[in-house]
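Peer 1:
Numbering (full-length UniProt numbering), first residue to last: 1 to 262.
1) Verify whether the separation of the beta carbon atoms of residue 68 and residue 61 is less than 9 angstroms.
2) Please report the residue range of the beta strand (DSSP E) in which residue 206 lies.
3) Thinking just about the alpha-carbon of each residue, which of 73, 23 and 48 is nearest to the one in residue 17?
4) Runs of 3 residues minimum, wholly inside the segment 201 to 257: which ones carry the beta strand (DSSP E) assignment?
5) Apart from the five residues on each side of it in sequence, which residues of its chain come closer than 7 angstroms, Cβ to Cβ, to residue 158?
6) Please specify which runs of the beta strand (DSSP E), each continuous and at least 3 residues long, are wholly inside the segment 43 to 73, giving them in chain order.
7) Buried or exposed for residue 129, going by 16 or more other Cβ atoms inside 10 Å?
8) Going by beta carbon distance, what residues of the same chain come within less than 8 angstroms of residue 100, once the five residues before and after it are set aside?
9) By Cβ distance below 8 angstroms, which residues in the same chain neighbour residue 265 in space, the five residues on each side in sequence not counted?
10) Less than 8 angstroms between the CB atoms is what I'm expecting for residue 239 and residue 186, so what's the real figure, rounded?
11) Taking just the CA atoms, how far does residue 55 sit from residue 93?
12) Locate the alpha helix (DSSP H) running through residue 191, then write down its first and last residues.
13) For my contact list, residue 165 and residue 64 are in at a C-beta cut-off of 8 angstroms; report their separation, rounded to the angstrom.
14) Can you pull the DSSP bridge partners for residue 78?
15) Return the chain-ordered ranges of every alpha helix (DSSP H) run that is complete within the segment 73 to 157 and spans a minimum of 4 residues.
16) Report all residues from its chain with a CB closer than 6 angstroms to the CB of residue 267; omit the five preceding and five following residues, and keep chain order.
17) Terminal residues of the continuous beta strand (DSSP E) containing residue 175?
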């Protein structure tokens, strides 16, 4: 697995008593209530909890897409807005959202075009990023020629094209079949090891949360709040067959018991 940062390193993400409230026609809804979280550089934290517990809202707070009602957010040692403006944050959604008239490589190049720049010297090019996610030879394919899993690989490459220090992933594999999802879980861990990017990953799957994360943040719903932060002590490299081991089964059982109380 990627090396763990030193304990005294500045956290990549620090959330201090984050509360988010939305005003609707039915009144005020509290999506998050007093959430604390610290993620070290190069860490991989999975977010798990029932629907409506604020997992996606939390990602958007970190990405500076939603302002918290109260509490403070620090991203990469500064304000989240600064990290966003520097393009230090990449975001991968459940829907790959590729432009159908652009090839895979052209879709990966899009953030560079929008930003008025190009891949920096010493950084991976769009073609190299497609190779990194296992799509060498598919650079000129259009989205309709790619499977769902391949389209998500393109979206991950696109999120990495600005060489972000932080990658936020909102159920990116949720719509895929189980076999494809398992394969992409392994691929994502490989990409994480090679890039050293800090990852915050939302999922509804207990197995996926346990397999991917160095830590699993369990959120309770109504309002969204931290139920438990569970460290994951599994050997590296992680492979899907690990799910049959006693340590993994016990971890999943613990996560399930906690979720039942959420």
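Every residue, glycine too, gets a C-beta built ideally from N, C-alpha and C.
Peer 2: So, from the listed chains and residues:
1) yes
2) Premise fails: residue 206 lies in the alpha helix (DSSP H), 206 to 212, not in any beta strand (DSSP E).
3) 73
4) 215 to 220 and 225 to 231
5) 107, 108, 110 and 111
6) 44 to 48
7) buried
8) 142, 143 and 144
9) Lying before the first or after the last residue shown, residue 265 is absent from the chain, which here runs from 1 to 262.
10) 6 angstroms
11) 13 angstroms
12) 178 to 195
13) Contact flag wrong, Cβ pair sits at about 14 angstroms.
14) 75
15) 80 to 85, 104 to 114 and 126 to 132
16) The structure shown does not extend to residue 267, since the chain is modelled only from 1 through 262, so no value can be given for it.
17) Counting along the chain, residue 175 falls outside any beta strand (DSSP E), and DSSP gives it neither H nor E.
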